[in-house]
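Student: Residues 11 to 134 in our numbering are what the sequence shown lists, from first letter to last.
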Amino acid sequence: MAFNPESPWQLLVASWDKTNVSGNNDPLVTSPINAIDFHPATLVTGLSDGSVTSWDYVRGRRLAVLQRRDIQKPISALAYSRCGHHLAMAIGDTFDTAPELAAPTPATKIIMRKVLASECLPRQ
C-alpha cells in the first residue's frame, strides 16, 4: 500500500508481479511485496526475492526490472530521492527471514542507484 505524493487522495494497493519462484510454471506463485514507493508517473516495488520492478501504475504494466535477483536477500524498503534521480534500496533481513534476526547483528545494507528515464517514464 502506498500514497501517491502527487495525488494524496489516491491510494494504491496492487500486486502485479506474478513471479514464478517455484519453477513449476504456476502463475499464481508470487514473492511477497515488502516495499513500494512512488516516482511522479510510476511506482517501484521491492520483493522478498530481491527483485525491484518499476511499474506504470495507471496501466498496470511493468516498465523495468531495476535490480536483478542476484541480490539473494529481501528488499525491505525503497525510497526515491526528492528529485527522483536516485533510488535507495534497503536490502537484508525482513519479517519473512525472522530466524536471521536472532543473529547478533542482522545483515542489512543500503544501496543507492541512479534512476534512468527508461525506468520511470510510462511508455507511450
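We put the CB at the ideal spot given by N, CA and C, even for glycine.
1) How many angstroms separate the CA atom of D47 from the CA atom of A127?
2) Could you check the C-alpha separation between A74 and T118 for me, to the nearest Å?
3) Identify whether S86 lies in helix, strand or coil by the three-state DSSP scheme.
4) What do you reckon, are the CB atoms on L97 and V68 nearer than 7 Å?
5) Ends of the beta strand (DSSP E) at A45?
6) In three-state terms, what does DSSP make of S58?
7) Count the other C-beta atoms from every protein chain shown that fall within 10 angstroms of the C-beta of G56, then say buried if there are 16 or more, exposed otherwise.
8) Can you list, in chain order, the residues of its chain whose CB lies under 6 Å from that of Y90, leaving out five sequence neighbours each side?
Tutor: Answer, in terms of the structure:
1) For this step, residue 47 is matched to residue 37 along the sequence shown. For this step, residue 127 is matched to residue 117 along the sequence shown. The straight-line gap from Cα to Cα measures roughly 16 Å.
2) By 1-based counting over the sequence shown, the position of residue 74 is 64. By 1-based counting over the sequence shown, the position of residue 118 is 108. Looking at the two C-alpha atoms, the distance is approximately 24 Å.
3) Taking the sequence shown and counting its residues from 1, the one referred to as residue 86 is at position 76. Residue state, collapsed to three classes: strand.
4) Counting from 1 along the sequence shown, the entry for residue 97 is found at position 87. Counting from 1 along the sequence shown, the entry for residue 68 is found at position 58. No; because the gap between Cβ atoms is not below 7 Å, this pair is not in contact.
5) Start at 1 with the first residue of the sequence shown, and residue 45 comes out as number 35. Residues 43 to 49.
6) What you label residue 58 is simply residue 48 of the sequence shown in a count that begins at 1. Coil at S58, not helix or strand.
7) Taking the first residue of the sequence shown as 1, we reach residue 56 at position 46. Classification of G56: buried, given that the 10 Å Cβ count is 16 or more.
8) Reading the sequence shown from its first residue, position 80 is the one you call residue 90. Cβ neighbours of Y90 beyond the five flanking positions: D47, H49, L97.
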